[in-house]
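J.:
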Amino acid sequence: MKIGHVIQSGSLAEGGPTASTFAMCNALGWAGCECAIVCQKKDTEVQTGLDDQITIRLAHIGRNPFNRREGIRTLREFINEVNIVHLHGLWDPLPCAAANIARRVGKPYIVSLHGMLLERSIAHHRLRKQLFLAVAGNSVLRNATALHFTTQTEMEQADPLLPAEPERAVIPLTIDRSLFVDDKSANRWRESFPLLPETWPRLLFLSRIHPVKNLPSLLGALPQLVREFPGLHLVVAGGGEASYVRRMHELAGMLLKEKRVIFVGPVSGAAKACLIRSSTIMTIPSFHENFGMAIAEGLACGVPALVTPGLGIGEEILAEGAGFSCGEDENSVSASLLGALGNRERLELAGMNGRRWAQRELEASVVAKKFLAVYESALASGGGKPM
2 MKIGHVIQSG SLAEGGPTAS TFAMCNALGW AGCECAIVCQ KKDTEVQTGL DDQITIRLAH
62 IGRNPFNRRE GIRTLREFIN EVNIVHLHGL WDPLPCAAAN IARRVGKPYI VSLHGMLLER
122 SIAHHRLRKQ LFLAVAGNSV LRNATALHFT TQTEMEQADP LLPAEPERAV IPLTIDRSLF
182 VDDKSANRWR ESFPLLPETW PRLLFLSRIH PVKNLPSLLG ALPQLVREFP GLHLVVAGGG
242 EASYVRRMHE LAGMLLKEKR VIFVGPVSGA AKACLIRSST IMTIPSFHEN FGMAIAEGLA
302 CGVPALVTPG LGIGEEILAE GAGFSCGEDE NSVSASLLGA LGNRERLELA GMNGRRWAQR
362 ELEASVVAKK FLAVYESALA SGGGKPM
């Protein structure tokens, strides 16, 4: 079985959907599927985070008519070579063009929504998105063989906007299997981050530096936390729009006289794994996380997490005793962290609980098996829905 994944961007700098698509392709490859990806851009010739045998093809669907014709030709060739098309996203031109081609040639296609129909996502440019749904999006959804959601909450919130026809599948994302390795080399982080202090506790914000991630509330909570825990420091790992990143640097400097916040930029691979393992708690107080990829990576490494109301896997984390509930304002973040850090036995137990949950639910073979069942059902249904 050959699965063709279509995503607008193959650049890891674009955020979670790209990383989760790569992890999904890796997992399916280990399960015996052949996977290929088509996108509009990628980072490097040898793509970080993706197994070597998985190919990436570029197809540009832009405003220039000539470029668009070339992109459509590449996309059509790509779709003709695969058994099933797996679209990632709804608002972007490349997945929508792929849906149209798949319908024309009778290939079944699956759509992973990646939280794009959640209320907080729809609220951003609401009128534009409602118009898009009316003109093109509803057709993409209605003619899909199946719609994929990462959590039950995502599916329930999206339900009012969904057509009745397609099958629904709730399957969590998987993560890099190297994170499940019980690495005893606890001090390897020094090789990549020699300037980080060795004091306890270490908070980790591993995410894009973007307003939705609510970094100001975390920074605002630090002065009180430092008074209670003099060794506390925060590592901010991620990139973002330059002017906003600069504002966060300035805010950190205003709130704390001592250098307690260390910005290390985007991290990946072994360096990221070592940084996660060296941390005390994952602190990403987002207003909205459809799934929470970085949080899940922390759980796999035995690092518990703050859980805000907008975290997609928040209910599961709290039910497993793997995290600490908090609101979105700085006072709530501060209170939650004071409680968590003040009980080191509970903190350690939460880390062990999170690791067990991640191994049970997010391990590659477990997730791949669920996707294979959806693909096999799609093939058994007799193919796509030709126009």
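The sequence shown begins at 2 in the numbering used here and counts up by one. For every residue, glycine included, the Cβ atom is placed at its ideal position computed from N, Cα and C. Quick caveat: nothing in here was measured; it's all calculated off a predicted structure.
1) In terms of DSSP beta bridges, what is residue 306 paired with?
2) Which runs of the alpha helix (DSSP H) spanning at least 4 residues fall entirely within the segment 174-209, listed in chain order?
3) Taking C-alpha atoms, which residue in 91, 101, 52 lies nearest to residue 74?
4) Which residue from 129, 97, 161 puts its Cα closest to that of residue 144?
5) Rounding to the nearest angstrom, what Cα-Cα distance links residue 321 and residue 50 in this structure?
6) Taking the CB atoms as reference points, tell me whether residue 213 and residue 289 lie closer together than 7 Å.
7) Residues in its own chain within less than 8 Å of residue 382 by CB, not counting five upstream and five downstream?
8) Does DSSP put residue 19 in a helix, a strand or coil?
9) Taking 8 Å as the limit between beta carbons, can you name the residues of its chain near residue 240, skipping five residues before and five after?
10) What is the DSSP secondary structure of residue 265, reduced to helix, strand or coil?
11) Express the C-alpha separation of residue 31 and residue 6 in angstroms, rounding to a whole number.
12) Out of curiosity, what's the CA-to-CA distance linking residue 160 and residue 116?
13) So, is residue 353 buried or exposed, given that buried needs 16 or more other C-beta atoms within 10 angstroms?
14) Can you tell me the Cα-Cα spacing of residue 139 and residue 164, whole angstroms?
15) Does the pairing of the segment 279-298 with the segment 330-344 give three or more beta-carbon distances under 8 Å?
16) Count the C-beta pairs between the segment 127-135 and the segment 343-360 that are closer than 8 Å, then say yes if the count reaches three, no if not.
17) Specify, as a first and last residue, the run of the beta strand (DSSP E) that residue 56 falls within.
18) CA-CA distance, residue 36 and residue 252?
19) Measure from the alpha carbon of residue 195 to the alpha carbon of each residue in 229, 78, 279, then state which is nearest.
20) To test your reading of the DSSP string, which unbroken beta strand (DSSP E) runs of 3 or more residues are found completely within the segment 218-265?
21) Alpha carbon to alpha carbon, how far is residue 17 from residue 257?
22) Could you give the first and the last residue of the continuous alpha helix (DSSP H) run that contains residue 102?
23) Cutting at 6 Å between CB atoms, please list the residues of its own chain near residue 264, excluding the five before and the five after it.
24) Let me check understanding here. Comparing Cα to Cα, which of 317, 154, 60 lies closest to residue 171?
25) As an exercise, report each continuous alpha helix (DSSP H) stretch of at least 4 residues that is fully enclosed by the segment 317-374, in chain order.
26) Residue 113 lies in the beta strand (DSSP E); which residues open and close that run?
27) Output needed for residue 89: all residues of its chain with C-beta closer than 7 Å, excluding positions within five of it in sequence on either side, in chain order.
28) What whole-angstrom Cβ distance do residue 94 and residue 62 have, given they're in contact under 8 Å?
29) Relative to the alpha-carbon of residue 349, which residue among 372, 230, 324, 335 has its alpha-carbon at the smallest distance?
30) I'd like the list of long-range same chain contacts for residue 1, defined as Cβ closer than 7 Å, with 5 residues on each side in sequence excluded.
31) With burial defined as no fewer than 16 other Cβ atoms inside 10 Å of the residue's Cβ, what is the status of residue 344: buried or exposed?
32) Measure how close the beta-carbons of residue 180 and residue 317 come, nearest whole angstrom, since I'm counting them as under 8 Å.
33) Given this structure, state the Cα-to-Cα distance separating residue 183 from residue 135, to the nearest angstrom.
34) So for residue 150, helix, strand or coil by DSSP?
35) Can you tell me which of the three DSSP states residue 166 falls into?
36) Pick helix, strand or coil for residue 34, following the three-state DSSP scheme.
T.: With the structure as the only source:
1) 283, 324
2) 190-193
3) 101
4) 97
5) For residue 321 and residue 50, the gap between their C-alpha atoms comes out near 29 Å.
6) yes
7) 109, 146
8) helix
9) 14, 209, 210, 246, 266, 267
10) coil
11) Roughly 16 Å separates the two Cα atoms.
12) 12 Å
13) Here residue 353 is exposed: its Cβ has fewer than 16 other Cβ atoms, across all protein chains shown, within 10 Å.
14) 7 Å
15) yes
16) no
17) 56-59
18) Each residue's alpha carbon lies about 44 Å from the other.
19) Answer by Cα proximity: 279.
20) 234-238, 262-264
21) 30 Å
22) Per DSSP, residue 102 belongs to the alpha helix (DSSP H) from 94-106.
23) Once the five neighbours on either side are set aside, the close Cβ partners of residue 264 are 237.
24) 154
25) 331-342, 345-362
26) In this chain, the beta strand (DSSP E) harbouring residue 113 covers 110-113.
27) 6, 7, 8, 18, 22, 96, 113, 115
28) 5 Å
29) Of 372, 230, 324, 335, the residue nearest in Cα terms is 324.
30) Any answer about residue 1 is impossible in this case: the structure gives the chain only from 2 up to 388.
31) That one is exposed.
32) No, residue 180 and residue 317 are not in contact; Cβ-Cβ is about 17 Å, not under 8 Å.
33) 49 Å
34) strand
35) coil
36) Coil, per DSSP.
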